[in-house]
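Asker: Letter by letter, the sequence shown follows residues 137 to 344 of our numbering.
Every residue gets a Cβ at the ideal spot worked out from N, C-alpha and C, and that includes glycine.
Structure in structure tokens, see below.
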Amino acid sequence: MKVLLINGSPHKEGCTHTALAQAAGQLEKRGIETEEFWIGTGPIRGCIDCKSCWGKGTCVFGDDGVNDCIARITQADGLVVGTPVYFGGIAGGLKCLLDRVFYDAKRLFACKPAAAVVTCRRGGAGNTFDALNKYFTISSMPVVSSQYWNSVHGDKPEEVLCDLEGMQTLRLMADNMAWMLRCAQAAREAGVDPFEREIRVKTSFYKP
Numbered sequence: 137m138k139v140l141l142i143n144g145s146p147h148k149e150g151c152t153h154t155a156l157a158q159a160a161g162q163l164e165k166r167g168i169e170t171e172e173f174w175i176g177t178g179p180i181r182g183c184i185d186c187k188s189c190w191g192k193g194t195c196v197f198g199d200d201g202v203n204d205c206i207a208r209i210t211q212a213d214g215l216v217v218g219t220p221v222y223f224g225g226i227a228g229g230l231k232c233l234l235d236r237v238f239y240d241a242k243r244l245f246a247c248k249p250a251a252a253v254v255t256c257r258r259g260g261a262g263n264t265f266d267a268l269n270k271y272f273t274i275s276s277m278p279v280v281s282s283q284y285w286n287s288v289h290g291d292k293p294e295e296v297l298c299d300l301e302g303m304q305t306l307r308l309m310a311d312n313m314a315w316m317l318r319c320a321q322a323a324r325e326a327g328v329d330p331f332e333r334e335i336r337v338k339t340s341f342y343k344p
């Protein structure tokens, strides 16, 4: 089993990586393979709602890491998305990436356990945590919880490591992720598959 961890920070080995590494270490301790996907510092265009991806599971724009990310999530058994807090929300590059990754391909991620991890110096963790979880809940992905919201505080990696409660929260989240993945594996081996999904109904609130 394998969990993909997305590092949505422009700093490859900054606070977000430090937080994800704590979760990854605990997952590996429980026998779960991990891979960290760094989105990099290159430009990532936002979704333009062209709908060219519908039914394909890939974005029409292939000049950045979006389609690679989609493929990696599809191949993984679980997902952790980490971001720093910028102006009380998700880092811009990551927001652009996630909007395009989840636009059509979210149907490919159903039933994969997912968790959000947020790093901040002081405030904005709650808003950002909520925003990340919305990607999972619109995609039928079970959200992995912990003893507190999955956030850590610190302006530098060494400060993040000093947030003992935050570090413990991430380790417990990883334990819960590992347990959910093992439960899913046991269910498959027992012939218990997810229920067949209904065709999605969309309600329009426009009244002519």
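Determine the DSSP secondary structure at K138, reduced to helix, strand or coil.
Answerer: Strand.
Asker: Would M313 and G214 be called neighbours here (beta carbons separated by less than 8 Å)?
Answerer: A contact, by the Cβ cut-off of 8 Å.
Asker: I'd like the span of the alpha helix (DSSP H) that includes W190, first residue to last.
Answerer: Unbroken run through W190: none, as it is neither H nor E.
Asker: State the CB to CB distance for the pair A246 and V279, rounded to an integer number of angstroms; the pair is presumed to be in contact (CB under 8 Å).
Answerer: So it is not a contact: roughly 13 Å between Cβ atoms.
Asker: Using beta-carbon positions only, say whether Q162 and D311 come within less than 8 Å of one another.
Answerer: Yes, Cβ-Cβ distance for Q162 and D311 is below 8 Å.
Asker: Less than 8 Å between the beta carbons of R166 and C195, yes or no?
Answerer: No, these two residues do not count as a Cβ contact at 8 Å.
Asker: So which of S275, D240, Y271 and K192 has the shortest CA-CA distance to G218?
Answerer: Considering only alpha carbons, the answer is Y271.
Asker: If you scan the stretch 257 to 302 from start to end, which runs of the alpha helix (DSSP H) of 4 or more residues do you find wholly inside it?
Answerer: Counting only runs of 4 or more, we get 261 to 273 and 293 to 297.
Asker: Could you check whether L306 and V253 sit closer than 8 Å to each other, using their CB atoms as the reference points?
Answerer: Yes, Cβ-Cβ distance for V253 and L306 is below 8 Å.
Asker: Where does Y239 land, buried or exposed, given buried means 16+ other C-beta within 10 angstroms?
Answerer: Y239 should be labelled buried.
Asker: Near G365, which residues of its chain fall below 6 Å by C-beta distance, leaving aside the five closest residues on each side in sequence?
Answerer: The question about residue 365 has no answer here: the residues shown for the chain are numbered 137 through 344.
Asker: T152 to R257, Cα distance in whole Å?
Answerer: For T152 and R257, the distance between alpha carbons rounds to 11 Å.
Asker: Cβ atoms of G176 and P293: under 8 Å apart, would you say?
Answerer: No.
Asker: Within the continuous alpha helix (DSSP H) that includes E171, where are the two ends?
Answerer: No alpha helix (DSSP H) holds E171; the beta strand (DSSP E) holding it covers E169 to W174.
Asker: Is it right to say Q321 is buried, meaning 16 or more other beta carbons lie within 10 angstroms of its own, or is it exposed?
Answerer: So Q321 counts as exposed.
Asker: Hey, quick one: how far does the alpha helix (DSSP H) through L234 stretch, first residue to last?
Answerer: Note, L234: alpha helix (DSSP H), G228 to Y239.
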